[in-house]
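In my numbering, the protein residues as written are 87 to 658.
Taking it in order: structure first as structure tokens, then the write-up.
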Amino acid sequence: MKVTNDMIANQFNELADLLEIDGANPFRIRAYRTAARNIGSLGKPVEEMIKQGQDLTDIPGIGSDLAQKIQEIVKTGRLALLKGTATKFPKQLTELMKLSGLGPKRVKMLHDKLGIKSLAQLKKAIAKGELKKLRGFGETLIAKVQEAVEHREEYKKTTKLTDTELTADQLLAHLKASKAIKDVAVAGSFRRRKEVVGDLDILVSATNAKNAIEQFIKFPLVKTVTARGTTRAAVRLASGLQVDLRVVPKKSFGAALLYFTGSKAHNIALRRRAVEKHLKLNEYGLFEGKSSIAGATEKQVYRALGLPYIEPELREDRGEIEIALHKNLPKLIELDDIRGDLHTHTSETDGTESLEAMAKAAASLGYEYVAITDHSKHLTVTNGLNEKRLRKQIEAIDRLNLRLKGITVLKSIELDILEDGTLDLDDSVLKELDLTVCSIHSRFNLPEKKQTERIIRAMDNRYFNILAHPTGRLVNLRPAYQVDIERIMKAAVERGCYLEINGQPERLDLDDIHCQMAKDLGLKLAISTDAHSSTHFAYMKYGIYQARRGFLEKADVINTRTLSQLRKLLKR
DNA sequence: GCCGTTTTCGGCCCGACTGTTTTCAGTCG
Numbered sequence: 087m088k089v090t091n092d093m094i095a096n097q098f099n100e101l102a103d104l105l106e107i108d109g110a111n112p113f114r115i116r117a118y119r120t121a122a123r124n125i126g127s128l129g130k131p132v133e134e135m136i137k138q139g140q141d142l143t144d145i146p147g148i149g150s151d152l153a154q155k156i157q158e159i160v161k162t163g164r165l166a167l168l169k170g171t172a173t174k175f176p177k178q179l180t181e182l183m184k185l186s187g188l189g190p191k192r193v194k195m196l197h198d199k200l201g202i203k204s205l206a207q208l209k210k211a212i213a214k215g216e217l218k219k220l221r222g223f224g225e226t227l228i229a230k231v232q233e234a235v236e237h238r239e240e241y242k243k244t245t246k247l248t249d250t251e252l253t254a255d256q257l258l259a260h261l262k263a264s265k266a267i268k269d270v271a272v273a274g275s276f277r278r279r280k281e282v283v284g285d286l287d288i289l290v291s292a293t294n295a296k297n298a299i300e301q302f303i304k305f306p307l308v309k310t311v312t313a314r315g316t317t318r319a320a321v322r323l324a325s326g327l328q329v330d331l332r333v334v335p336k337k338s339f340g341a342a343l344l345y346f347t348g349s350k351a352h353n354i355a356l357r358r359r360a361v362e363k364h365l366k367l368n369e370y371g372l373f374e375g376k377s378s379i380a381g382a383t384e385k386q387v388y389r390a391l392g393l394p395y396i397e398p399e400l401r402e403d404r405g406e407i408e409i410a411l412h413k414n415l416p417k418l419i420e421l422d423d424i425r426g427d428l429h430t431h432t433s434e435t436d437g438t439e440s441l442e443a444m445a446k447a448a449a450s451l452g453y454e455y456v457a458i459t460d461h462s463k464h465l466t467v468t469n470g471l472n473e474k475r476l477r478k479q480i481e482a483i484d485r486l487n488l489r490l491k492g493i494t495v496l497k498s499i500e501l502d503i504l505e506d507g508t509l510d511l512d513d514s515v516l517k518e519l520d521l522t523v524c525s526i527h528s529r530f531n532l533p534e535k536k537q538t539e540r541i542i543r544a545m546d547n548r549y550f551n552i553l554a555h556p557t558g559r560l561v562n563l564r565p566a567y568q569v570d571i572e573r574i575m576k577a578a579v580e581r582g583c584y585l586e587i588n589g590q591p592e593r594l595d596l597d598d599i600h601c602q603m604a605k606d607l608g609l610k611l612a613i614s615t616d617a618h619s620s621t622h623f624a625y626m627k628y629g630i631y632q633a634r635r636g637f638l639e640k641a642d643v644i645n646t647r648t649l650s651q652l653r654k655l656l657k658r
């Protein structure tokens with residue numbers, strides 16, 4: 087059986103949960119969680135590393151013990167220790183820890199005193215009023231737990247970044263309307279531009295914290311207030327989204343923004359660095375003894391820690407601090423660096439607007455070029471183009487280019503990669519195009535080796551330029567198909583092909599980890615929107631976010647080039 | 001259980017809020 091990094095990470099996390107309930111050494115628990123996180127975001131399958139004889143202790147947070155445990159999981163599929171510990175406490179108990187208000191101590195008490203082992207048993211015990219007998223369980227807490235049990239599935243899911251943007255904008259406008267509030271920022275995973283966010287974290291500086299919190303709670307979409315203190319409050323919106331507010335004085339805004347932006351792992355790494363320098367970092371500032379030496383801006387705090395400013399997208403504790411120390415931080419790509427979109431559709435297939443409308447919309451964004459990439463004939467549900475219709479479109483584009491000023495429309499197509507690795511239109515028409523975008527739209531369930539070789543065979547065709555949405559995943563909806571993405575990237579480098587970062591919010595494919603992998607392999611990428619209407623051109627920014635999270639710079643992306651430079655890159 | 005520009009042993013980030021408690025443990029981020 088194939089053992090994925092996620093499977094290993096899950097087992098470590100599960101073990102950490104059980105150890106926590108057991109009251110084990112908290113630092114041992116943290117070691118498991120750190121290991122789980124680092125394995126989960128590794129990009130390269132650990133199974134492969136073992137096969138190639140690589141040293142697993144090179145992975146941060148993995149020592150000799152955990153390296154051995156990883157070996158064990160890869161070999162047997164399962165960690166024996168997890169089985170041993172799991173018999174002491176039933177596995178389902180870890181589910182209870184996910185409920186708001188229940189941590190390891192209370193879950194242990196539920197188990198030891200009431201024999202509760204599952205969500206269903208907990209529900210029953212609440213109904214019978216058994217929880218009241220327990221020390222520390224008052225009326226309010228029981229009500230909170232009951233609420234959590236009932237709404238678990240509704241609340242636990244994450245929200246796509248794009249779905250929170252409108253709420254964030256409305257909330258910011260609402261907060262800025264208050265005279266008490268000075269600075270406002272959305273922090274958290276939203277600011278780090280993660281593809282999904284669990285909640286919104288809002289930070290404000292205010293002359294009067296009480297007024298600021300009152301204004302926050304008055305936001306019209308608030309359904310319930312779940313916490314309310316003198317500097318902090320939390321609400322649940324009607325949509326189910328949780329929003330946290332933190333109020334700090336202006337002189338602490340930078341330190342608080344740093345703290346509230348996270349990630350947690352990045353914060354811990356920074357605080358550790360502060361401790362090494364005999365300083366203390368918290369959300370109010372960086373302190374030497376009692377006196378604050380930085381705090382108004384993030385830049386100040388980083389500088390006082392001997393570091394350059396680190397962009398929010400990089401703050402995942404994936405080596406950015408080490409890289410910053412060596413002054414090797416990338417100058418991350420920006421939206422303005424993009425000169426054109428290389429993946430768009432028209433009403434000839436499944437888009438909603440005409441060729442001319444799409445071209446003009448691209449021109450209005452200041453783009454130098456735009457590629458029209460309608461679907462090809464194999465994708466019949468979209469009325470895909472056959473050779474004849476594609477030739478007609480080529481002629482139409484030639485005519486359009488004579489009329490348009492300031493932008494060049496590139497003749498292209500989104501080809502289907504068939505199961506045998508051939509492309510579904512004849513070379514005789516492909517040679518008339520400026521570029522091709524190629525993708526998988528069928529047979530998602532092939533075994534990894536077959537799927538990988540299918541794609542690489544397609545790349546052998548000299549007219550193959552860009553592999554679109556390379557893993558086929560849909561955020562929160564569908565996992566990637568089984569494919570050896572590293573092998574595909576290497577094959578692309580050898581053949582002069584490129585991979586795409588698809589900016590559609592439900593795709594974001596390649597993801598951040600794969601972007602970083604591409605960069606490490608020297609593979610350049612295209613960032614495209616896969617626009618099916620002119621409004622979709624705006625998805626470019628989501629592609630940029632992924633690219634930034636993957637450490638990409640302008641030079642790593644082909645559609646930052648001028649048209650003539652791009653043409654050279656596309657020549658095979 | 002990891003890790004080392006003081007260290008192979010002894011550290012390991014830090015504070016707010018809640019609810020229940022009579023001074024703080026548990027949870028959360």
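Heads up, the beta-carbon is just placed ideally off N, CA and C, and yes, glycines get one too.
Among the options, which has the Cα closest to the Cα of residue i?
| i | options | result |
| --- | --- | --- |
| Arg477 | His464, Ile493, Leu488, Lys497 | Lys497 |
| Thr316 | Thr293, Arg279, Arg593, Val361 | Thr293 |
| Ala271 | Leu652, Leu286, Lys517 | Leu286 |
| Lys280 | Ala617, Lys640, Ala633, Ala641 | Ala633 |
| Ile552 | Ala263, Ala341, Leu501 | Leu501 |
| Leu247 | Ala153, Phe276, Asn353 | Phe276 |
| Arg404 | Val89, Arg635, Phe98 | Arg635 |
| Arg665 | Ile542, Leu257, Ile354 | Limits of the chain in this structure are 87 at one end and 658 at the other, which puts residue 665 out of reach. |
| His464 | Glu481, Asn353, Leu421, Leu509 | Leu509 |
| Pro112 | Leu152, Pro190, Thr180, Leu519 | Pro190 |
Would you kindly report the start and end of the unbroken beta strand (DSSP E) that includes residue i?
| i | result |
| --- | --- |
| Thr368 | A small fix is needed here, since residue 368 is Asn in this sequence, not Thr. Counting along the chain, the beta strand (DSSP E) containing Asn368 begins and ends at 366-368. |
| Gln632 | Here Gln632 belongs to no beta strand (DSSP E); instead the alpha helix (DSSP H) covers 626-635. |
| Ser525 | 523-525 |
| Arg548 | Run containing Arg548: none; DSSP gives neither H nor E here. |
| Leu331 | 328-334 |
| Lys497 | 494-497 |
| Ala319 | 318-323 |
| Arg314 | 308-314 |
Beta-carbon separation of residue i and residue j under 8 Å?
| i | j | result |
| --- | --- | --- |
| Ala360 | Leu343 | no |
| Asp269 | Phe346 | no |
| Ile419 | Lys627 | no |
| Tyr659 | Gln537 | The displayed coordinates of the chain run from 87 to 658. Any statement about residue 659 would go beyond what the structure contains. |
| Val456 | Thr432 | no |
| Met444 | Ser291 | no |
| Thr226 | Val282 | no |
| Ile587 | Gly558 | no |
| Ile136 | Val160 | yes |
| Gly507 | Ala544 | yes |
| Ile571 | Ala612 | no |
| Ala102 | Ile115 | yes |
| Asp427 | Phe175 | no |
| Leu167 | Leu182 | no |
| Val132 | Ile107 | no |
Excluding sequence positions up to five away, which residues of its chain have a Cβ less than 6 Å from the Cβ of residue i?
| i | result |
| --- | --- |
| Gly147 | Thr120, Ala121, Asn124 |
| Gln232 | Ile212 |
| Met603 | Gly129 |
| Pro39 | Residue 39 lies beyond the stretch modelled for the chain, which goes from 87 to 658, so this question has no answer here. |
| Gly589 | Thr615, Tyr625, Met626, Tyr628, Gly629 |
With a threshold of 7 Å on Cβ separation, who are the neighbours of residue i within its own chain once the five nearest residues in sequence on each side are excluded?
| i | result |
| --- | --- |
| Phe302 | Leu261, Ala319, Leu331 |
| Gly64 | Absent from the structure is residue 64, since the part of the chain shown begins at 87 and ends at 658. |
| Gln651 | none |
| Tyr241 | Caution applies to Tyr241, whose pLDDT of 49 falls short of 50 and renders its modelled position unreliable; the value that the coordinates give is listed next. Excluding sequence neighbours, Tyr241 sits near Gly326. |
For residue i, which beta-bridge partners are listed by DSSP?
| i | result |
| --- | --- |
| Val272 | Ile288 |
| Ile267 | Ala292 |
| Ser127 | Beta-bridge pairing links Ser127 to no other residue. |
| Asp595 | Asn588 |
| Glu500 | His461, Val523 |
| Ser614 | Asn588 |
| Lys246 | Val282 |
| Glu639 | Leu418 |
Near residue i, what residues of its chain come up, given a Cβ to Cβ distance below 8 Å and the 5 sequence neighbours on each side ignored?
| i | result |
| --- | --- |
| Arg647 | Arg425, Leu655 |
| Gly608 | Val579 |
Between which two residues does the alpha helix (DSSP H) containing residue i stretch?
| i | result |
| --- | --- |
| Ala206 | 205-213 |
| Leu372 | Run containing Leu372: none in the alpha helix (DSSP H); it sits in the beta strand (DSSP E), 371-374. |
| Arg62 | No statement about residue 62 is possible, as the shown extent of the chain runs from 87 to 658 and does not include it. |
| Ile379 | Where Ile379 is concerned, there is no enclosing alpha helix (DSSP H), although the beta strand (DSSP E) it sits in stretches over 377-380. |
| Lys161 | 150-162 |
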